[in-house]
Amino acid sequence: MATTAPQHDVKDIGLAPDGVLRIEWADRQMPVLAAIRERFERERPLDGCRISACLHVTTETANLARTLRAGGADVVLCASNPLSTQDDVAAALVDEYGISVFAIRGEDNDTYYSHIEAAVDHRPQLTMDDGADVIGYLHSKRREQIPEILGGTEETTTGVIRLHALEAQGELGFPIVAVNEAKTKHLFDNRYGTGQSTVDGIVRATNLLLAGRRFVVAGYGWCGRGIAMRADGMGAHVIVTEVDPMRALEAAMDGYEVMPMERAAEVGDIFVTVTGDKSVITRAHFERMKDGAVLANSGHFNVEIEIPALRDLAESTRTARPNVEEFVLSDGRRVYLVGEGRLVNLAAAEGHPAAVMDMSFANQALSAEYVVANAGDLEAKVYAVPEEIDREIARLKLESMGIEIDTLTEEQARYLASWDEGT
Ligand SMILES: NC(=O)c1ccc[n+]([C@@H]2O[C@H](COP(=O)([O-])OP(=O)(O)OC[C@H]3O[C@@H](n4cnc5c(N)ncnc54)[C@H](O)[C@@H]3O)[C@@H](O)[C@H]2O)c1
C-alpha cells in the first residue's frame, strides 16, 4: 500500500483489494508489457517525466500505468469515458500503486471534464489519450501549457482523426504518435479485441442467443470486421452496412450480406454501430425496426445511434435489465438500447481481454519512450509508430507464446532483394 495516498477522486478507496486481485490477473495475460516493465525498471527512460493519461480506467490500463511509473514517470490518470471506469481498479491504483487517479464510473459530464482538468493541472510533459480529450482540452483551454509538452500518444481511430484535423488546420501544438496506426494495435485490438468484447457486452447485457439472429454491423473497418467475424462464429446471420465501396465489397466477399441501413433496419434483430461516424442509426431507422430490436454501439462516441430521437419517439422508457433500456414506441413496438449507446464492450463487459491490450499498451509504453528520447527531433505532427517498435512488439509477443518462426537465409534475402534472378 502507498504510504500517503496521492491526489485522487475515486468512488471508494476501500475497493482497492478487489482491484489489486484483478490487476494481477490481467498482468498474467500481459507478458509483453511485463517484459517492457522489467527493462524500464532498469533503464528508467521516463525518469521524472510528468504524464497525463486519459484512458479507460481498467485493469489493463493499470498495468500500463505501473509500467510508465517503473520507467520513472510521474503519472496522473483520468477516464476517457464516463462509463468505462472500473472503480476497484481506480482505488487500487491510488492505494496500492501510488498513482493519482480521477475517475468514477457513471460520473456526470461536469465531473468528467473536471477530472480531465485535474489531469491537465498536473502540467504534463507527455499526454496519453484515447479519444484526444486531453489534447483537445489543452488546445482549447490551456494553450499556455503547450510549450511545456514534449509530445503525446493517441490510442484510438477517432482520436487520430481529430488530431489529423488539428494538424491540417496548422493548430497541432506538439508531436503525437498515433498508436492506433501500429499493426500490433489495430490488427489485434480493433479486430480481435473489439470483436470478442463487443459480442460479450451484448450477450452479458441481454443474454440473447445469437444463433439464427440477424446481426447488423454498421461499418466494416478493423472493429467491424472483428465483430462480424465473431457474431458469424456464434451462428448469427451477419448483415453489414458501409459507405466505402471497397470495404463493402470486402464484406460481401467475406460472405456477409451488404445493404443500406434503411433496409437493414427492417430486418435486423441486433444492431452494432462501429463507424467512428455520427447519426448512423436515426429516427427514420427506428421507425422501421422490428419489435424487440436491440441496439448497441462500439464506436468511440455515443453519437452513432441518434439517442435523442429515440427518446423523442418513445412513449415510455424503463430499465429492462442492468445496462438495457427499453423504449416503447407509439405503436407498442419495443426497442432496446444497450449501455446507453456508449462503447458497449466497456459499458456492459470488461473491455478488451488483457492479452490484446498487452500489445496496444506495449505500443503506448514504447511510443512514450520514443517521444521522450526524440523530443528535440520531432515536429508538431501526427507520426506513425516507428516500424521497429511494431516489429519488436510482435517479436516479444511471439516469444511469450513460445512460437518460433523461420529466418531468411542469406540466399533468400538476396533473392528477395533482386530483380533479375529467376526470370
Ligand atoms: N469499442 C472499442 O473498444 C473500440 C476499439 C477500437 C476502436 N474503436 C472505435 O471504433 C470506431 C471504428 O474504428 P475502426 O478502427 O474500425 O475504424 P475504421 O476507420 O477502420 O472503420 C470505420 C468504417 O466505418 C465506415 N463508415 C463510416 N461512416 C459510415 C456510415 N455512416 N455507415 C456505415 N459505415 C460507415 C467507414 O467507411 C469505415 O470502413 C472508432 O470510433 C474507434 O475509435 C472502439
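Remember, my numbering sits 943 above the position in the sequence shown when you count from 1. C-beta atoms are modelled at their ideal positions from N, C-alpha and C, and glycine is treated no differently.
Which one of Q1029, E1283, H1243 has the shortest CA to CA distance from D1220?
-> Considering only alpha carbons, the answer is H1243.
Using only alpha-carbon positions, find the residue among V1237, R1066, G1041, H1107 that is nearest to P1090.
-> Answer by Cα proximity: R1066.
A945 (DSSP reduced to helix, strand or coil) | Reliability of the predicted coordinates at A945 is poor, the pLDDT of 48 falling under 50, and the value obtained from them is presented with this limitation in mind. Coil at A945, not helix or strand.
So the alpha helix (DSSP H) H1082 belongs to, where does it begin and stop?
-> Where H1082 is concerned, the enclosing alpha helix (DSSP H) stretches over 1076 to 1084.
If H999 and G1294 are in contact, beta carbons under 8 Å, what's the gap, nearest whole angstrom?
-> Cβ-Cβ separation between H999 and G1294: approximately 6 Å, consistent with a contact (criterion under 8 Å).
Nonlocal neighbours in the same chain, by C-beta distance under 7 Å from L1036, ignoring five residues either side | Correct list, in chain order: A1005, A1008, L1020, I1042, V1044.
Kindly give me the distance between the Cβ atoms of Q1029 and T1054, rounded to whole angstroms, as I take these residues to be in contact under 8 Å.
-> The Cβ separation is near 17 Å, so there is no contact.
Given K954, which residues of its chain have a CB within under 6 Å of its CB, disregarding the five upstream and five downstream residues?
-> Only D1030, I1047 meet the Cβ criterion.
Which class does T1260 belong to by DSSP, given the choice of helix, strand or coil?
-> In the structure shown, T1260 sits in a strand (DSSP, three-state: E or B).
Is the number of C-beta pairs between the stretch 984 to 992 and the stretch 961 to 976 that are closer than 8 Å three or more?
-> No, because fewer than three Cβ pairs between the stretch 984 to 992 and the stretch 961 to 976 fall closer than 8 Å, the two stretches do not touch.
Under 8 Å between the Cβ atoms of L1351 and N1024?
-> It is not a contact, given that the beta carbons lie outside the stated cut-off.
With a threshold of 16 other CB atoms inside 10 Å of the CB of G1282, please say whether the residue is buried or exposed.
-> Flag for G1282 reads buried.
Can you grab the Cα-Cα spacing for the pair M944 / E1039, in whole Å?
-> Here M944 scores only 49 on pLDDT, less than 50, and its place in the model is too uncertain to base an answer on.
Run the CB neighbour count on L964, radius 10 Å, all protein chains shown included, and call it buried at 16 or more, exposed below.
-> A residue is called buried when at least 16 other Cβ atoms come within 10 angstroms of its Cβ; L964 does not meet this threshold and is exposed.
Between which two residues does the beta strand (DSSP E) carrying V1186 extend?
-> Looking at the DSSP string, V1186 is not in any beta strand (DSSP E), and its letter there is neither H nor E.
Output the boundary residues of the alpha helix (DSSP H) element that contains S1241.
-> Run containing S1241: none; DSSP gives neither H nor E here.
Beta-carbon proximity list for V1142, same chain, < 8 Å, skipping 5 on both sides | Apart from the 5 residues on each side of it in sequence, V1142 sits with its Cβ closer than 8 Å to the Cβ of L1153, I1170, R1173, A1174, M1177 in its chain, given in chain order.
C-beta atoms of A996 and I1332 nearer than 8 Å = In this structure, I1332 does not lie closer than 8 Å to A996 by Cβ.
Using a threshold of 8 Å, state whether the C-beta atoms of R1277 and E1269 are closer than that.
-> Yes.
What residue range is occupied by the uninterrupted beta strand (DSSP E) comprising F1045?
-> Here the beta strand (DSSP E) through F1045 covers 1043 to 1045.
Give me the Cβ distance between V1328 and S1310, rounded to the nearest whole Å; I'm assuming they're in contact under 8 Å.
-> A Cβ-Cβ separation of about 6 Å places V1328 in contact with S1310 under the 8 Å criterion.
CB of V1186 to nearest heavy atom of ligand 2: below 7 Å?
-> For ligand 2, the structure offers nothing, since it holds only ligand 1.
Top-ranked residue by Cα proximity to E1312, from H951, L958, G1014, E981 | Proximity to E1312 across H951, L958, G1014, E981 peaks at G1014, based on C-alpha coordinates.
Along the alpha helix (DSSP H) that carries E1368, what are the first and last residues, could you check?
-> Within the shown structure, residues of the chain are numbered from 944 to 1366, placing residue 1368 beyond reach of any answer.
Does DSSP put V993 in a helix, a strand or coil?
-> Just to set this straight, residue 993 is Arg in the shown sequence, not Val. Residue state, collapsed to three classes: strand.
Using a Cβ-Cβ distance under 8 Å, would L1115 count as near chain B?
-> Absent here is chain B; the protein component of the structure consists of one chain.
How close, in whole Å, do the beta carbons of Q1068 and L1093 come, if the pair is a contact with beta carbons under 8 Å?
-> The pair is a contact, with the Cβ atoms about 5 Å apart (cut-off 8 Å).
Applying the criterion that 16 or more other CB atoms from any shown protein chain within 10 Å of the CB defines a buried residue, is G962 buried or exposed?
-> Buried: at least 16 other Cβ atoms inside 10 Å.
Endpoints, alpha helix (DSSP H) assigned at E984 | 974 to 986 is the extent of the alpha helix (DSSP H) around E984.
Is L1280 helix, strand or coil by DSSP?
-> The three-state reading of DSSP puts L1280 in strand, counting E and B together.
Would you say A1239 and I1145 are within 8 Å of each other, going by their C-beta atoms?
-> In this structure, A1239 sits near I1145, with a CB-CB distance shorter than 8 Å.
Entirely within the stretch 1310 to 1350 and at least 4 residues each: give me those alpha helix (DSSP H) ranges in chain order.
-> The stretch 1310 to 1350 contains these whole alpha helix (DSSP H) runs: 1330 to 1343.
In chain order, what residues of the same chain lie with their CB nearer than 6 Å to the CB of G1284, ignoring the 5 residues before and after it?
-> Only N1240, N1245, I1248, I1250 meet the Cβ criterion.
Just checking my contact of A1305 with I1348 at CB under 8 Å: how many whole Å lie between their CB atoms?
-> Actually they are not in contact, since the Cβ atoms of A1305 and I1348 sit about 19 Å apart, beyond 8 Å.
Sufficient close CB pairs (3 or more, under 8 Å) joining the stretch 1097 to 1105 to the stretch 1340 to 1347 | These segments do not touch.
If we ignore side chains and look at the alpha-carbon of each, how far apart do M1202 and T1184 end up?
-> If I take the Cα positions, the gap works out to 6 Å.
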